[in-house]
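Numbering (our numbering), first residue to last: 3 to 591.
Where a beta carbon is used, it is the ideal one built from N, C-alpha and C, also for glycine.
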């Protein structure tokens, strides 16, 4: 009996260790994975917010560069040297630019710092000049920001030099931006994002309570401009920087800290993401494992109890075991049947997805059929005419002209073969794995398939092919379908617009970006464009099922890429397909 007691104590000890160690390990691993996912989403949000801020500010930088060379302003510099000045015309010019761009003020300064012209009488620039002004005097673009001590308003300055005839700086154009106006569109949006300058000051943020907080040298947290510093602690978990803070009701108590440098505006973007979703996921995983271990422990305890009962009622227990075995066997059969059904459902889903992609290609071919028929009919009629002319010239004893007709027939036949080859490649059901694809050739193939449509609708094409192939990772046929869909959608969008232009560009950087822009009315609901069956076309239209962009989205994601659509500032829509470069290491793998 004592032996059995010791065994039971040992079993309970092992069970307690399992119930403590295993869920704890699962929680740690799950928490790390959840932090990785949260970090990826947060980095995307922070990068989006940073891009939005820099895009809003850079248009004022471009305004400073463009206005610096305006004749009306440069005349002020010459006038300051003794030739007279038209300050009224310059003020009207700057006032018109300020009204159209919502700039806080525009100044044109002499090299000595005096204001030659400004859009408004106030606010004035900081006394003694700014680093942006001094940098412009050296012939470079200057950037500076400050807070007006009187009004409390935040200013962001862009300074651009104006060069005289001798190539020296003759004046400086300064554009002042109201940061409150820039923040108005994204205040309180998304996670807490703030932008810190080189001095450690929070100058821009989507949380008002963080403005003008300071990061002291050597510290990682922030302190308010007034009053004692609130509690703060930072630590590293699973390779991520985590903060524990108490900075207000609209900031998380525990957050993931992310950093994104912005050298263009001399700031650093930072974000604090709430850790509660990651914690809930990790706790749920640990709770599931603990429940399984507990259930296993209960099952084990019952098994031990059965062994005790076996000594007293072996026959009865064998019957119960046999009954339990049959139940388990039936359950096993049922599980196998469910696994088989799920495998069949998965195979059917993949087949349906492949058929949907093929249907999208066939739908595009149906829309292009009239133009393609015209493209094939013209060479056929020309071949017939050249053949008849060649026979006539042979009868007249003029073989050299007949030979020219035969050469033209050969060229026309080659053109028809190329069109048919592109159609066959586009229509086939591609099942090969992803490989190395020249995106320049894919764009050329897509344009050849849609050439007749663009010519019929009077659409101008702006496409400058790179001088060498650009190899990406993907499928040639599926990439062609994506581009045909985007070009076709652009053509549909411009059906009622007076100016019809499609611009296609290929940009290379860390990844390859293919941009397809149009001059149409733009996208009404950008957040829904990739949803299945969402369409902006008329109800009942044969082209309005809303599957083209959804199919394109799935195809690009299958290559490990991205696709997004936005409205351009100049009007119209722009779709961008981002793909990875092809790496020779993939061949070795």
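| query | result |
| --- | --- |
| For the candidate residues 182, 114, 289, whose alpha-carbon lies nearest to that of residue 55? | 182 |
| Under 8 Å by Cβ, that's how I've got residue 248 and residue 232 pegged, so tell me the actual separation to the nearest angstrom. | 5 Å |
| My assumption, with CB atoms under 8 Å, is that residue 25 sits in contact with residue 292. Please give the rounded CB distance. | 4 Å |
| Could you give the DSSP three-state label for residue 561: helix, strand or coil? | coil |
| Near residue 82, which residues of its chain fall below 6 Å by C-beta distance, leaving aside the five closest residues on each side in sequence? | For residue 82, the predicted structure reports a pLDDT of 48, less than 50, and the residue's modelled location is therefore unreliable. A value from the coordinates is still provided. Within the same chain, residue 82 has close Cβ partners 112. |
| Are residue 478 and residue 439 closer than 7 Å when you measure CB to CB? | yes |
| Pick helix, strand or coil for residue 228, following the three-state DSSP scheme. | coil |
| Since I believe residue 280 is in contact with residue 40 (beta carbons under 8 Å), could you give me their beta-carbon distance rounded to a whole number of angstroms? | 5 Å |
| With distances taken between CB atoms, is the gap from residue 258 to residue 193 smaller than 7 Å? | no |
| Whose C-beta lies closer than 6 Å to the C-beta of residue 256 among residues of the same chain, with five residues either side of it excluded? | 246, 277 |
| Is residue 333 helix, strand or coil when you go by DSSP? | helix |
| Can you check which of these residues, 260, 173, 206, is closest to residue 222 by C-alpha distance? | 260 |
| Spell out the partners DSSP gives residue 273 in its beta bridges. | 195, 260 |
| Rounded to a whole number of angstroms, what is the C-alpha to C-alpha distance between residue 91 and residue 213? | 39 Å |
| Assess contact between the stretch 513–529 and the stretch 483–501, defined as three or more Cβ pairs (one per stretch) separated by less than 8 Å. Is contact present? | yes |
| Counting C-beta neighbours from all protein chains within 10 Å, is the total for residue 502 16 or more, i.e. buried, or is it exposed? | buried |
| If you drop the 5 nearest sequence neighbours on each side, which residues of the same chain put their C-beta closer than 6 Å to that of residue 266? | 56 |
| Look at residue 99 and residue 135 and say whether their C-beta atoms are less than 7 Å apart. | no |
| According to DSSP, residue 216 sits in a beta bridge with which residue or residues? | 203, 225 |
| Could you tell me which uninterrupted beta strand (DSSP E) segments, each at least 3 residues in length, are contained entirely in the stretch 482–519, listed from first to last along the chain? | 503–510 |
| Checking 7 Å against the spacing of the C-beta atoms, do residue 224 and residue 235 come in under that value? | no |
| Can you tell which of 462, 149, 579, 561 has its C-alpha closest to the C-alpha of residue 516? | 579 |
| Taking the alpha carbon of residue 117 as the point to measure from, which residue in 323, 131, 105 has its own alpha carbon closest? | 131 |
| Please determine, among 412, 303, 79, the residue with the shortest C-alpha to C-alpha distance to residue 168. | 79 |
| Which residue from 46, 581, 180 puts its Cα closest to that of residue 511? | 581 |
| Roughly how many whole angstroms lie between the Cα atoms of residue 557 and residue 484? | 7 Å |
| At which residues does the alpha helix (DSSP H) containing residue 90 begin and terminate? | 89–103 |
| Taking the alpha-carbon positions, what's the residue 487 to residue 205 distance? | 44 Å |
| Please list the terminal residues of the continuous alpha helix (DSSP H) segment that includes residue 76. | 73–80 |
| Considering only the beta carbon of each residue, do residue 240 and residue 34 sit closer than 7 Å? | yes |
| Roughly how many whole angstroms lie between the Cα atoms of residue 572 and residue 37? | 39 Å |
| Restricting to runs no shorter than 3 residues, where is the beta strand (DSSP E) found entirely within the stretch 563–587? | 564–569, 575–581 |
| Nearest-angstrom Cα distance between residue 89 and residue 128? | 22 Å |
| Would you tell me roughly how many angstroms separate the C-alpha atoms of residue 10 and residue 337, rounded to the nearest one? | 34 Å |
| Please say whether residue 273 and residue 48 have beta carbons closer to each other than 7 Å? | yes |
| Name, in chain order, the residues that DSSP records as bridge partners for residue 144. | 161 |
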